[in-house]
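What follows is a set of notes on a single structure, which appears directly below.
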Amino acid sequence: NVLVKVDGSSTVYPVTEAVAEDFQKAQKGAVKVTVGISGTGGGFKKFCRGETDISNASRPILKKEMEECAKLGIKYYELPVAFDALTVVVNPKSKINQLTVEQLKKMWEPAAQGKVSNWNQVDASFPDAPLKLFGAGSDSGTFDYFTEAVTGKAKSSRGDYTASEDDNVLVQGVSRDVNALGYFGYAYYYENKAKLKAVAIVNSKGKAVLPSEQTVIDGSYNPMARPIFIYVNEKSLERPEVRQFVEFYMKNGPKLASEVKYVPLPAKAYQGNLEHLAKKKLGTVFGGDAEVGVTIEELMSREAKM
Amino acid sequence: MNSIPATTVVSDRLARNVQRNIRERAIESILFGAALVSVLTTLGIVWVLVSESLNFFEHVPFSDFLTDTMWTPLFSEPRYGILPLLMGTITTSLVALVVAIPLGTVIAAYLSEFASARVREIVKPFLELLGGIPTIVYGYFALTVVTPVLQAIYPDLPGFSMLSAGLVMGIAIVPYISSLTEDAMRAVPMSLREGAYGMGSTRFQTAIRVVIPAALSGVLSAYILGISRAVGETMIVAVAAGMQPNFTMDPTEPAQTISAYIVQVALGDLPHGSIGYQSIFAAGLSLMLMTLLFNILGHVIRRRYREAY
Amino acid sequence: MKANELDQIRSVIKTNKRADLIFALAGFLALMVGVMAFVTLFGEMLANGWERINPDFFSNFPSRRAANAGILSAWVGSLLVMLVTALSAIPLGIAAGVYLEEYAPKNWMTDLIEINVTNLAGVPSIVYGLLALGVFVYTFGFGQSILTAGLTLGLLILPVVIVSTREALRAIPIHIREGAYGVGATQWQVVSDHLVPYATPGIMTGVIIGMSRAIGETAPIITIGALTFIAFLPPSPITDTAPFLNFEWLFSGFTVMPIQMFNWTSRPEEAFQQNAAAAGLILVLMTLMMNAIAIWLRYRLRKSISW
Amino acid sequence: MSTTEQNLPVKAFTRDFNFYYGSFHALKSINLPVIEKHVTALIGPSGCGKSTLLRSFNRMHDLYPGNRYQGEIVLNPDNTNILDTRVDPIEVRMRVGMVFQKPNPFPKSIYENVAYGLRVRGEKSRSMLDDKIEDALRGASLWNEVKDRLNQPATALSGGQQQRLCIARCLATDPELLLFDEPTSALDPIATANIEELVTQLRDRVTILIVTHNMQQAARVSHYTAYMYLGEVVEYGITDEVFLRPKKKETEDYITGRFG
Amino acid sequence: MSTTEQNLPVKAFTRDFNFYYGSFHALKSINLPVIEKHVTALIGPSGCGKSTLLRSFNRMHDLYPGNRYQGEIVLNPDNTNILDTRVDPIEVRMRVGMVFQKPNPFPKSIYENVAYGLRVRGEKSRSMLDDKIEDALRGASLWNEVKDRLNQPATALSGGQQQRLCIARCLATDPELLLFDEPTSALDPIATANIEELVTQLRDRVTILIVTHNMQQAARVSHYTAYMYLGEVVEYGITDEVFLRPKKKETEDYITGRFG
Ligand SMILES: Nc1ncnc2c1ncn2[C@@H]1O[C@H](COP(=O)(O)OP(=O)(O)OP(=O)(O)O)[C@@H](O)[C@H]1O
Ligand SMILES: Nc1ncnc2c1ncn2[C@@H]1O[C@H](COP(=O)(O)OP(=O)(O)OP(=O)(O)O)[C@@H](O)[C@H]1O
Ligand SMILES: [Mg+2]
Ligand SMILES: [Mg+2]
Ligand SMILES: O=P([O-])([O-])[O-]
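Residue numbers (the numbering used here), protein chains in the order written: chain A, 1 to 306; chain B, 307 to 615; chain C, 616 to 922; chain D, 923 to 1182; chain E, 1183 to 1442.
As structure tokens, then:
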């Protein structure tokens, strides 16, 4: 049964799906690929039980998950495949153009629940208007990353906002409400540019930066740009169809990533990934910590040192 | 004539011919087994919900579950109060019923007592078709058509609201209520109607004073079924009500229902065994208990107001 | 009768008739609300999705390019899931219905089963999803497969099949039974030679209505976790080598129509909304068709009933 | 006011009355007088059209599609053709009461059953209602049996009591003509005797047209009898005459039990 | 073989037979012979237990819970008490056929209706079936009317034809005793005459027990008549005797129509 099983992040899903589609076509249907959407955490859970060959992840593997994998002796390759720019959006009619992480924190931290309900509570200069929040569902890597980046602690968020795993629901919500603010992956913003306005985020250097391919590559869109990965089970890679699929992924990754509105890594990153496979460089370069604001450059250098 | 002692024979459905008897009994056992599957299903549901809920309540104090006004089980500082979900469920159901019960009853009375046989023959199947539309379709209808229309009337309405979801849910439930109510009204014997008309009643008087009272148990059961449906309806609220556990009964607010929470979590596919995974079963158990309550109420009503004709 | 009494009656009738008219109008309006809701809903989808409906839409796999994306795996998946649903629910439902109507002695056990069936009919579908998740997916280890989905929906529609079987059996007059017993038939002969055949149209009506409900069910399928990219078909149930049947497909991953629609609506690209509308349109047409068949069957049945 | 040969007042009569169930010609050229404050019985074999004729007198057939009246049914004293399209069937039914084969009390209390017709007529005064209801129940010989439980559901009464309740329900509104369609065929012999007794009491107060399949009953309660056969009135006359000296062979065959 | 006083062979008889619907004692100490190759009629007012007694002869009551037989019903020539617990009710029904009040053909073809009893007995040979079916239909005087449309649905036949088909269905299996429960009460006069004619033909071939509410019919077709009242057989004897010189007052009242 020639089947490659992929599961995990919804953020990575579009890239992997694109690869899977083209791969199956290239193989003329000889290999089947399933791509599930379980969220990064859900994906790792299955991956570490040996149920899947490849896990999509919108954040690096965490300590707890590494331990899980170790328990069953599952070893893996960590392959970054693209960058995503988490985009904070408001209604096009909104007067808000830029926000600091501090301001975002004021809106989103758990202490804000039931209290911060007006824009002017976030900043006195903001309009006196109700604050309507839209965000990722609490089971997603996007949620984890955003909360980590904004409040400093993953999964730490207020609860009284409209949450959806279905990002289009969020697009709808923000586009219909002048006082709304939401966040999701860049692709959703890009496809709905007409209905939404991206908010520039003040980065670590104090500069307000809008998300774009350019600002992600040069590292100025931080801390909201994040690398996304696939993790490949070492044992599975011994199967030719899995190896073929991963190789296909690395070869076509740049093209397909930008096609689905992600920022591809420099070509040599994909080349590096293939070398890792060849040299059997297992494990993660992140050490199991949730990190935010890793730039492409940093990532590349870490990978090189591996 | 040889005399046979007087015997008393109690009727017995089955043959006494041994071979035939064995075969008949075997068949009966198989059929009984099939009937038992429904019981096993219930047991399965109860077992799954209760066992996972027990795991859940090992971590979560029962009192928190019942009294806390926040529901954020997947957050870093989780809160496990079912009340917001419960209020969301009740509010959306109320909105739906406010639409569905009057509409359904009026339609049923119209079809059963006013419309000509021809109109009824055409309209009834049409209504049933309406009841067959997948609720996911209704969900998008609520989000893309009804909400904007409501916002045009009431500009302050948010993009997701219990009002919009409830209204569409009401429309989705109308066919169930009208169809069952109409069945109940049709089942009222013509002789009662003739009695009423014979006294000089109009159709309206016949419908309201004689037919509906006579069909009361059927009509109430139809309502109960409608309530059960509303409480358990998932996709419409999941898509259109806003997925936001909200401790409010204001229909113009977004909110989350119990069922919508389960879908939301299931969409992310929580890892088996985590507290989040268990939380959907605890929520499911609450939902099940609610519908059970209505089902029991339905039984009681049927017992109590059994048709008197 | 004195003339003034007659006048009095006439004025009472006039008042009564006004109420009558108002109610008739209200009824008509209520009906129109239902009709309009349907027309708008259908019209919306038609307007959005119409362009996408062409042969390729049915023969293409889902794709990241909206224009190339089709519903092949979705409709095949729906078909196979429905097959499992039918194969599980129909025999079980008919057997259970026959037992309850024809065999069950009047005791607590029967009462229990009956109350249980009515209760199951009122259990929300999402709860069946939880049952499937806990029992089929994790306890039995069927995974997120066609088998799991089919059995789940099978259980979901079981009460519908049981109830319609019982109603159909109940509609067969007692004297048909007595006629058959009278010439010496056993109970099983009466059931299999007469009751089930005569009840078939009624049972079929229930089955089809149940199936049309099952085919549109989204929540329980989401709950078992079947939201995946599936760009292939499950292994064929029929093979060209003996024994010509293959059951691998039962354990295959799958997607179904409502899930595909749900998936598309959550895509960022606007063009996918068209696909979603088209898929929704087809889904609605499928359920409408099944319902129409059921309604027609029932109509025929009512006409041809001759005992 | 029209009268018969004997100069008795005619409460109602049909003139060349035909009735069709769709294309089925159920009643053919019926000419039948109903004498005021007397009982007229309709007898005849099953399916001959007795019920059809009776029900025409309060336009019960209007409730079902496809039925067609032809000719006249005239109600006195105002000489109204109740089949006239300008005549409101509701008005006709308010004047002409009907008691059915199977007792059909409404699923309400005994009180509300009898009050029903009055309420439909807009009567609201409680004391007025109380009075009329007592009168009607007395008139139907039911008062003593139910006076202590007027608020109990009517369906809890026995069959015979229910039938008397249905009669009371009609009496409460003072109908000019009372139609009975085999009022005792669903009752046991004792209840039957009660109803017959009641009819004989009522016949001095109201005009009664009664269908019965029980010839003894017809003989006992009626003044006039019409024998119907295949949708026609074969013979009409004073009851004793029809039973003892039938003019037609068919009537004789039927009455002597040689047929039917 | 047991015989009556006149030394006629008795096909079946009841001895101290009682029957209970749950706690309701419907039949009381019935002692009734059924003379072979003759027609015995059961008459009596509605509810007296005629059908109950008739249906006991093929243990139809076994189909419903809570019914209880007491005493004996003996079937000759083998002198079997068909109420004995060791006797299989299905066997009893294979020997004793029954025709019901309302014609109840199966919604199958005419052929299959008549074939059904044979199929239940395991008969499979087509030519054998064909023969027996023709015989049975001829026996029921139906062959000429249906021979060209044996494969058409039985429900398309008229009521009278349906009833004759039901008789054919029984005849096909050569029953020793044939039970008729008011076989003509749902039929029109012409169909009734046909069935009566058929019964008079059959009475030389099979033993017949018939319930009828139509006394003329009983008089026309039966040799023996039992008059039942309140669950008891009040009078039994040769039909002419019972009708012309009833021994009991109740019988006389009933027969002369003074009652019922
Ligand atoms: N609704 C109907 N549609 C068509 N034909 C009908 C309808 N009702 C009655 N008939 C036919 O009209 C004829 C007269 O019926 P009707 O009920 O008046 O007879 P009846 O004398 O009252 O008989 P019974 O003593 O059985 O009540 C019968 O042939 C009957 O079959
Ligand atoms: N299933 C039953 N359960 C209880 N009582 C019954 C049942 N069937 C009949 N009875 C009662 O038994 C008595 C005899 O009924 P049966 O049907 O034998 O009368 P019948 O003489 O055939 O009357 P008819 O002429 O109306 O058919 C009646 O009092 C009847 O109410
Ligand atoms: Mg009649
Ligand atoms: Mg009987
Ligand atoms: O699905 P996620 O990428 O948000 O984990």
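Yeah, the Cβ is synthetic: ideal placement off N, Cα and C, and Gly gets one too.
CA-CA distance, glutamine 875 (chain C) to alanine 163 (chain A), rounds to 21 Å. With a 10 Å radius around the Cβ and a threshold of 16 neighbouring Cβ atoms, leucine 337 (chain B) comes out buried. Our two residues, glutamate 102 (chain A) and valine 294 (chain A), have alpha carbons roughly 19 Å apart in a direct line. Note that the region 78 to 92 of chain A touches the region 215 to 234 of chain A; at least 3 beta-carbon pairs, one per stretch, sit closer than 8 Å. Residue range 132 to 136 is occupied by the beta strand (DSSP E) that includes glycine 135 (chain A). For serine 674 (chain C), the closest Cβ of chain A is not nearer than 8 Å. Contact of lysine 1054 (chain D) with chain B is not assigned, every C-beta pair being separated by 8 Å or more. Proximity of chain E to proline 816 (chain C) at the Cβ level (cut-off 8 Å) is not reached, the minimal Cβ distance being about 11 Å. Alanine 736 (chain C) and glycine 538 (chain B) have their C-alpha atoms roughly 12 Å apart.
Leucine 916 (chain C) carries a helical assignment under DSSP once its states are collapsed to helix, strand and coil.
Contact note: leucine 498 (chain B) reaches chain D through Asn1026, Pro1027, Phe1028 and Pro1029, using a C-beta cutoff of 9 Å and chain order. Under the 10 Å beta carbon count, methionine 819 (chain C) is surrounded by 16 or more other beta carbons and is classified as buried.
Around the beta-carbon of glutamine 584 (chain B), 16 or more other beta-carbon atoms lie within 10 Å, marking it buried.
Per the Cβ contact rule, the region 193 to 201 of chain A is not in contact with the region 421 to 432 of chain B (fewer than 3 Cβ pairs under 8 Å). It is roughly 16 Å from the alpha-carbon of valine 354 (chain B) to the alpha-carbon of glutamate 364 (chain B).
Straight-line measurement puts the Cα of tyrosine 161 (chain A) at about 10 Å from the Cα of serine 117 (chain A). Inclusion of tyrosine 567 (chain B) and alanine 588 (chain B) in the CB contact set at 8 Å is not warranted, their separation being larger than that value. Listed along chain E is no residue with a C-beta nearer than 7 Å to that of glutamate 782 (chain C); the closest approach is about 17 Å.
The three-state secondary structure of alanine 1115 (chain D), taken from DSSP, is helix. Below the 7 Å Cβ cutoff, chain A contributes no neighbours of threonine 373 (chain B), its closest Cβ being approximately 16 Å away. Between glycine 868 (chain C) and chain A, the shortest Cβ-Cβ separation is below 8 Å. Proline 1227 (chain E) sits in coil when the DSSP states are folded into three classes, being neither helix nor strand. When the beta-carbon positions are compared, tyrosine 1418 (chain E) and glutamate 1432 (chain E) stay at least 8 Å from each other. In the DSSP annotation of this structure, the continuous segment of the alpha helix (DSSP H) that includes glutamate 1423 (chain E) starts and ends at 1421 to 1426. Contact residues of the region 968 to 991 of chain D toward chain B are Asn980, Met982, Leu985 and Pro987 (C-beta to C-beta distance below 7 Å).
Annotated as proximal: valine 429 (chain B) and leucine 417 (chain B), with beta-carbon spacing under 8 Å. Under a criterion of Cβ atoms nearer than 8 Å, no residue of chain B is adjacent to valine 1036 (chain D); the nearest Cβ is some 11 Å distant. Per the DSSP secondary-structure output, proline 80 (chain A) pairs in a beta bridge with A:Phe229. Within 7 Å of the CB of lysine 632 (chain C), no CB atom of chain E is found; the nearest one sits about 42 Å away. Taking CB atoms only, threonine 1394 (chain E) has no neighbour in chain C less than 8 Å away. Nearest CB-CB separation between valine 627 (chain C) and chain D: below the 8 Å threshold.
For threonine 1234 (chain E), the Cβ falls inside the 7 Å cut-off from some heavy atom of ligand 2. The beta-carbon of proline 92 (chain A) is placed no less than 8 Å from the nearest beta-carbon of chain B. Within the chosen limit of 7 Å, ligand 2 reaches the beta carbon of cysteine 1230 (chain E) through at least one heavy atom. Scanning its chain for C-beta atoms nearer than 8 Å, with the 5 sequence neighbours on each side dropped, one finds around proline 254 (chain A) the residues Pro264, Leu265, Ala267 and Tyr270, in chain order. In chain order, Phe844 and Ala846 make up the part of chain C whose C-beta sits under 9 Å from the C-beta of alanine 20 (chain A).
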